[in-house]
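Quick note on the UniProt record's numbering: the sequence shown kicks off at 1 and runs consecutively.
Just so you know, even glycine gets a beta-carbon here, dropped at the ideal spot from N, CA and C.
Each remark here refers to the structure printed beneath this line.
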Amino acid sequence: MLKSLVAGILAMVSLAVAEEKPKDTRLFELRTYHAEPGKLDALLTRFRDHTCKLFEKHGMTNVGYWVPAENKDNLLVYLLAYPDRAARDAAWKGFLGDEDWKKAAAASEVNGKLVGKVDELYLNATDFSPGFPESASPDRLFELRTYTCNPGKLPNLHKRFAEHTIELFKKHGITNGAYFKMVAGQPAADDTLVYFLVHKDAATAEKSWLDFRADPIWVAAKKASEDAAGGSLTVLPDGVKSVFLKPVDFSPLK
């Protein structure tokens, strides 16, 4: 009887270990393209017809492509993944030197350049990141959130997310995506958390956030974390930024 019990426990432990998700050690690059006025559609066409395929050719992983839900600023936001920084640099060198890319870029810019500015962030997944959920509906609404912490408070923020926030998001119908820390050497790298959430739609997102913020468990967890840290974990009043995004038709992640 005892042997059977022990065997059963060992079997469950082995199953749990086998099912534990391996840590994602890849380098991610979050890129935001500010399209020139009136050129966003042309930029999307170039990505759809040429760029994404050439990225894959040179070893880049296309993760997701989005435009803001209310795209007043002509933005394209996308996420790539690589094994490491050396692989990233080699991939971009190969891509930019590719004759097919040069031809596609030249043809698309006959009437002027498509992109005025490019923002880049280099990211690694946090230890508590669930990763992106499987694509379900092309109509899902993504939310990109960026938190700027007070100096030295990022570990406290990570702890609060790992121990409380992520589960409370689930409780209130918010789907957790990937959570990232910035690679060292970038401005504010030691004080920034970047993460994605997924909602059914805008109305659902609004209700979920209202319910989450009113949840007594969240209120208590937030207070306890701030008491322990000696104040707000994020910079006030503008330490939390949120942008709602919708996936474009060629995005692998929807």
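| query | result |
| --- | --- |
| Which partner residues of Val235 appear in the DSSP bridge assignment? | The partner list for Val235 (beta bridge, DSSP) is empty, contrary to what the question assumes. |
| Is the beta carbon of Phe180 sitting closer than 7 angstroms to the one on Val194? | yes |
| Distance check for Leu144 and Ala178, CA to CA, integer angstroms please. | 10 angstroms |
| For Asp190, which residues from the same chain have a beta carbon less than 7 angstroms from its beta carbon, with the 5 sequence-adjacent residues on both sides left out? | Leu154 |
| If distances are taken between C-alpha atoms only, which option among Pro247, Gly230, Leu121 comes closest to Gln186? | Leu121 |
| Buried or exposed: Thr175, going by 16 or more other Cβ atoms within 10 Å of its Cβ? | buried |
| Quick check: what's the CA-CA separation for Leu123 versus Ala224? | 29 angstroms |
| Keeping to the same chain, check which residues put their C-beta closer than 7 angstroms to that of Asp238; ignore five residues upstream and five downstream. | none |
| What's the C-alpha gap between Val183 and Val219? | 31 angstroms |
| Do the stretch 40-49 and the stretch 82-92 touch if we need at least three Cβ pairs shorter than 8 angstroms? | no |
| Answer yes or no: do Gly32 and Val77 have a C-beta to C-beta separation smaller than 7 angstroms? | According to the sequence provided, residue 32 is Thr. The question's Gly does not apply to it. In contact: Thr32 and Val77 (Cβ atoms closer than 7 angstroms). |
| Are the stretch 110-117 and the stretch 153-169 touching by the rule of at least three beta carbon pairs closer than 8 angstroms? | no |
| What residue does the beta strand (DSSP E) around Pro68 start on, and which one ends it? | 61-68 |
| Could you check what DSSP says for Pro247 in three-state terms: helix, strand or coil? | strand |
| Which residue spans inside the stretch 16-46 form an unbroken alpha helix (DSSP H) run of at least 4? | 40-46 |
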